[in-house]
Amino acid sequence: MLLPFAEALVRIVRFRNMELGKIKVDLGGVRIPIFDCERTILDSFRLLSRETAIKALKMALSQKGTVRLDLKKLQSYSQKLRFNITPYLITATT
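Add 310 to a position in the sequence shown, counting from 1, and you land on the number used in my numbering.
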């Protein structure tokens, strides 16, 4: 028997293309599969609030050094996952 409010707490999420953006990171001698930054940004737009996702995109764009957001890769992932990231990129960069 489900509680009356339990249905509102459950959200089914289906990930498309689990190999897209998958990388392996060594953590304590163990190789752990995670998604790269570009895939994580796109998933945040699909799964979190727009406000949170835009904030994450702005933070990723402001990163300096070796861990920078690859915009070509982001656009490529966007097409493969059928999500139009272009308006958000324009908003975040202006």
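Virtual Cβ for every residue (Gly too), placed ideally from N, Cα, C.
Using 8 Å as the Cβ pair cut-off and three pairs as the minimum, do the segment 382 to 397 and the segment 352 to 363 touch? yes
For residue 365 and residue 377, the rounded distance between their alpha carbons: Residue 377 sits at position 67 when you count from the first residue of the sequence shown. Residue 365 sits at position 55 when you count from the first residue of the sequence shown. Near 17 Å, if we compare the C-alpha coordinates of residue 365 and residue 377.
Report all residues from its chain with a CB closer than 7 Å to the CB of residue 367; omit the five preceding and five following residues, and keep chain order. Along the sequence shown, read from residue 1 onward, the residue named residue 367 stands at position 57. The residues are 351, 398, 402.
DSSP three-state assignment for residue 264, whether helix, strand or coil: Missing from the structure shown is residue 264; the chain here goes from 311 to 404 and no further.
Separation of residue 359 from residue 345, as counted between CA atoms: The sequence position of residue 345 within the sequence shown is 35, counting from 1. The sequence position of residue 359 within the sequence shown is 49, counting from 1. Taking the straight line joining both Cα atoms gives about 19 Å.
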